[in-house]
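Numbering (the numbering used here), first residue to last: 4 to 335.
Glycine included, every Cβ here is placed at the ideal spot set by N, Cα and C.
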């Protein structure tokens, strides 16, 4: 429990965890930390910290989980009308202890306190109904904001992954489908299947993801099975070729790029239709380091996203089926 400094009557309480935007690692690590030539002092520790110093009147570190929970409950109970309780959580839950915690927040709100709760979007997406309940039961005195909504690249790729390839009767090259999809991609207006994909992604629903991809791209599974090579060696070669394609596009591996180029020259007639399917179904051709890193760090709380793509989302602008909420105009 800490008091935020300000005026004598500021009356704000803070329960802090996982707060503030981190300093980039390359800027915050002291040279002495790597050399190991002296004991770290307070200045070194603050410089290497992932967030700036939290200025408080008094604070204490609690490492025991039960003691920490009890102290937070006591802090909420002792807060007085007119004060503001601020909380930041990577993981919120609806288990027994969390329900006790939520109940105390509601009691505090009904006593006239303001409660500001910030939680991670990806980790807590399945609890949107709970947060809506907290806001409604508190008559707006509890306000929930979600941190880390999908970036522009994640949204773009969700749309790409749920768009069909065009019908074509002409010659098929490696990028016939992907060229068409990138040219006609409308990143500002996700359709039904793109929204379903995002809901499945953040709701961790494999069924929703599968439905969005296969129905959105109009993939005929039966025709795929009939057209696939059946020999064990052919299947092994296809897997190896896909690995090379991904490594060359997602990670920019030079050796993989050379191998792919040679393979396309030597086996163009066989590999062009396969490459067209891969490039057309997956957004590999636009993937550079930034795109690959964004997907690899999608579950990170603080790092892995460009600074311009970080924002808070108001819960009332974020319905469960994630429709038009994915709109930059809804930044709060």
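Local conformation of residue i per DSSP, three classes
i: residue 165; result: coil
i: residue 118; result: strand
i: residue 47; result: helix
i: residue 182; result: helix
i: residue 123; result: strand
i: residue 64; result: coil
i: residue 170; result: coil
i: residue 247; result: helix
i: residue 272; result: helix
i: residue 175; result: coil
i: residue 282; result: helix
i: residue 287; result: coil
i: residue 42; result: coil
Residue j beta carbon less than 8 Å from that of residue i
i: residue 201; j: residue 155; result: no
i: residue 74; j: residue 65; result: yes
i: residue 152; j: residue 190; result: no
i: residue 166; j: residue 220; result: yes
i: residue 279; j: residue 179; result: yes
i: residue 133; j: residue 98; result: no
i: residue 109; j: residue 137; result: yes
i: residue 79; j: residue 111; result: yes
i: residue 122; j: residue 95; result: yes
i: residue 301; j: residue 157; result: yes
i: residue 206; j: residue 129; result: yes
Euclidean distance between Cα positions of residue i and residue j
i: residue 272; j: residue 222; result: 22 Å
i: residue 264; j: residue 143; result: 59 Å
i: residue 104; j: residue 145; result: 13 Å
i: residue 60; j: residue 124; result: 31 Å
i: residue 262; j: residue 247; result: 7 Å
i: residue 72; j: residue 209; result: 34 Å
i: residue 47; j: residue 62; result: 20 Å
i: residue 45; j: residue 177; result: 57 Å
i: residue 250; j: residue 277; result: 16 Å
i: residue 266; j: residue 198; result: 37 Å
i: residue 194; j: residue 298; result: 21 Å
i: residue 171; j: residue 243; result: 27 Å
i: residue 49; j: residue 43; result: 10 Å
i: residue 295; j: residue 287; result: 9 Å
i: residue 92; j: residue 119; result: 11 Å
i: residue 275; j: residue 211; result: 30 Å
i: residue 215; j: residue 196; result: 5 Å
i: residue 52; j: residue 239; result: 47 Å
Residue interval of the beta strand (DSSP E) (run including residue i)
i: residue 148; result: 145 to 150
i: residue 91; result: 87 to 92
Boundaries (first-last residue) of the alpha helix (DSSP H) holding residue i
i: residue 207; result: Counting along the chain, residue 207 falls outside any alpha helix (DSSP H), and DSSP gives it neither H nor E.
i: residue 58; result: Here residue 58 belongs to no alpha helix (DSSP H), and DSSP marks it neither H nor E.
i: residue 189; result: No alpha helix (DSSP H) contains residue 189, which DSSP labels as neither H nor E.
i: residue 113; result: 99 to 113
i: residue 135; result: 131 to 140
Should the stretch 111 to 120 be called in touch with the stretch 71 to 84, which here means at least 3 C-beta pairs below 8 Å?
Touching, yes.
Is the stretch 180 to 193 touching the stretch 269 to 288, taking contact as three or more C-beta pairs under 8 Å?
yes
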